[in-house]
Amino acid sequence: MKCAGFHWKKQKWSKCSSTCGKGYKEREVMCVSGNNTVNEQLCNHLKKPKERRKCHQYQCSLTWMTTPWSECSQTCGKGVQTRNATCHRVNAYKWINSEPFLKPNSSELWCTTEDKPSITRGCNLGICSENIWVAGVWSACNVKCGTGRQRRRVYCHRADGKRISNSQCDEKLRPQRRRRCHERPCAAINCLDIQKRSNITFDGEQEIFIRGRYVKIYCAKMNTSKPQEYITLIRGDQDNYSEVYSKKLTNPDTCPYGGSRYDACNCVNDDSIRPGLTTFQRIAINITSLAVITNDWTFSQTPVCNRFLLENLEIVTADHLVLKVDFL
377 MKCAGFHWKK QKWSKCSSTC GKGYKEREVM CVSGNNTVNE QLCNHLKKPK ERRKCHQYQC
437 SLTWMTTPWS ECSQTCGKGV QTRNATCHRV NAYKWINSEP FLKPNSSELW CTTEDKPSIT
497 RGCNLGICSE NIWVAGVWSA CNVKCGTGRQ RRRVYCHRAD GKRISNSQCD EKLRPQRRRR
557 CHERPCAAIN CLDIQKRSNI TFDGEQEIFI RGRYVKIYCA KMNTSKPQEY ITLIRGDQDN
617 YSEVYSKKLT NPDTCPYGGS RYDACNCVND DSIRPGLTTF QRIAINITSL AVITNDWTFS
677 QTPVCNRFLL ENLEIVTADH LVLKVDFL
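Take the sequence shown: its letters are residues 377 to 704, numbered as in the working numbering.
See the structure below:
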């Protein structure tokens, strides 16, 4: 039997769930009669439009990183040098994650193999003779920070292992005896470092050397013995908030969608939940691991009437990273 007057109404597609690579979009699809939302069964005679579809943003920021070349596998003649090449993520602040990004099931979200640096190359230390160079162990770096030098001893030996005059080995094939070394940067690496070096006791934005580059970090509690590092969020509280909504969804899978609230869905008021909103200007980070500290509310704002016990609240950050935290 044809049900006149009932039809499917489609809302606009949400934004892609992923800021890069593969994701999906969602939309609300409801059965309506005139301006009223009705039970979906009344539209069963019509094919229901899709509520989710795939989407693909631009390629995620990824880059290859390599280790230094090893020494030649042979002390004379032809040999091989090797190194490692690993794929790493690059975040919105252009920081390269030191932890390698393992290849997922889909190669689209991984570094392109065409751009992968070579990990082996040939080497040739010349024609083998009875006398060969033997290199010792590298010394410790001669500086505690910045760029310094390492040394090692290199001697000429006979084939039987006896050390002889260096003049009896080919000087052109002699392994290097000095090389540069890099210890911790001499620049400040955290807010406490800035406090001690520059005697700064006021809070504010500072430049800190993190994983090979200078990064702006907000230093707070500088007049204490334990300053704390914060990232100032570029978009402020526009995309950085936590919220409790006082409506209970009749169908939890349909609304809200795409991280946004949609009041026209099939919802009922839930008096057991008090609505609340907390916005964030800055978030605290562990300067060593670069992990977000999820129980720091120093730069958050919550109306007094909304300060109550919450459990398992979600914080949505500017990079659309959802962090599970607990209010204390």
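The beta carbon of each residue, even a glycine, is placed where N, CA and C say it ideally should be.
(request) Since I believe PRO425 is in contact with TRP486 (beta carbons under 8 Å), could you give me their beta-carbon distance rounded to a whole number of angstroms? (result) Not quite, the Cβ-Cβ distance comes to about 34 Å (not below 8 Å), so this is no contact.
(request) Look at the alpha carbon of GLU404 and the alpha carbon of LYS386, and state the distance between them as a whole number of angstroms. (result) 6 Å
(request) Determine which residues share a DSSP beta bridge with ARG429 and list them. (result) LYS401
(request) Would you mind giving the Cβ-Cβ distance between LEU422 and VAL466, rounded to the nearest angstrom? I have them listed as a contact below 8 Å. (result) LEU422 to VAL466, Cβ: 46 Å. No contact.
(request) Tell me whether LEU438 sits in a helix, a strand or coil according to DSSP, three-state version. (result) strand
(message) Can you give me the C-alpha to C-alpha distance between THR520 and HIS533, rounded to a whole angstrom?
(response) Rather than Thr, the amino acid found at residue 520 in this sequence is Lys. The straight-line gap from Cα to Cα measures roughly 34 Å.
(request) State the beta-bridge partners of HIS533 as determined by DSSP. (result) ILE508, ARG539
(request) Would you list the residues sitting across from ASN500 in a DSSP beta bridge? (result) LYS454
(request) Give the straight-line distance between the Cα atoms of PRO603 and ALA516, rounded to the nearest whole angstrom. (result) 32 Å
(request) Below 7 Å CB to CB, which residues in the same chain sit around ASP546 once its five sequence neighbours on both sides are set aside? (result) GLY502
(request) Return the CA-CA distance between TYR594 and HIS432, expressed in angstroms with no decimal places. (result) 34 Å
(request) Would you tell me roughly how many angstroms separate the C-alpha atoms of VAL668 and LYS388, rounded to the nearest one? (result) 33 Å
(request) Specify, as a first and last residue, the run of the alpha helix (DSSP H) that ARG573 falls within. (result) 567-574
(request) To the nearest angstrom, report how far apart GLU581 and HIS464 are at their CA atoms. (result) 28 Å
(message) Once the 5 residues before and after LYS479 are set aside, which same chain residues still bring their CB inside 6 Å of it?
(response) TRP486
(request) Specify, as a first and last residue, the run of the beta strand (DSSP E) that VAL359 falls within. (result) Lying before the first or after the last residue shown, residue 359 is absent from the chain, which here runs from 377 to 704.
(request) Just the C-alpha distance for ILE508 and ARG555, rounded to the nearest angstrom, thanks. (result) 21 Å
(request) Give me the Cβ distance between TYR606 and ILE659, rounded to the nearest whole Å; I'm assuming they're in contact under 8 Å. (result) 6 Å
(message) Could you check whether ASN566 and ILE584 sit closer than 9 Å to each other, using their CB atoms as the reference points?
(response) yes
(message) Buried or exposed for GLU687, going by 16 or more other Cβ atoms inside 10 Å?
(response) Low per-residue confidence applies at GLU687: pLDDT is 41, beneath 50, and the placement is therefore not dependable enough to give any value.
(message) For ARG683, count the other beta carbons within 10 Å of its own beta carbon; 16 or more makes it buried, fewer makes it exposed. Which is it?
(response) Unreliable positioning characterises ARG683 in this predicted model, as indicated by a pLDDT of 46, which lies under 50. A coordinate reading is not provided.
(message) Comparing C-alpha positions only, which one of VAL591, SER676, ALA596 sits nearest to LEU666?
(response) VAL591
(message) Counting C-beta neighbours from all protein chains within 10 Å, is the total for GLN571 16 or more, i.e. buried, or is it exposed?
(response) buried
(message) Whole angstroms are fine: how far does the CA of GLN457 sit from the CA of CYS499?
(response) 7 Å
(message) Let's test the definition: count the other Cβ atoms within 10 Å of the Cβ of ILE610 and tell me whether it reaches 16, buried, or not, exposed.
(response) exposed
(request) Consult DSSP for THR670 and reduce its assignment to one of helix, strand or coil. (result) coil
(request) With distances taken Cα to Cα, identify the nearest neighbour of ALA511 among THR451, ALA564, GLN657. (result) THR451
(message) DSSP three-state label for LYS385, please.
(response) strand
(request) Could you check if GLY652 is buried or exposed, using at least 16 other CB atoms within 10 Å of its CB as the buried criterion? (result) buried
(request) Have a look at TRP445 and ARG573 and give me their C-alpha separation to the nearest angstrom. (result) 36 Å
(message) What residue range does the beta strand (DSSP E) around ALA461 cover?
(response) 461-465
(request) Could you work out which residue in SER494, ILE576, THR489 is closest to ARG459 when comparing CA atoms only? (result) SER494
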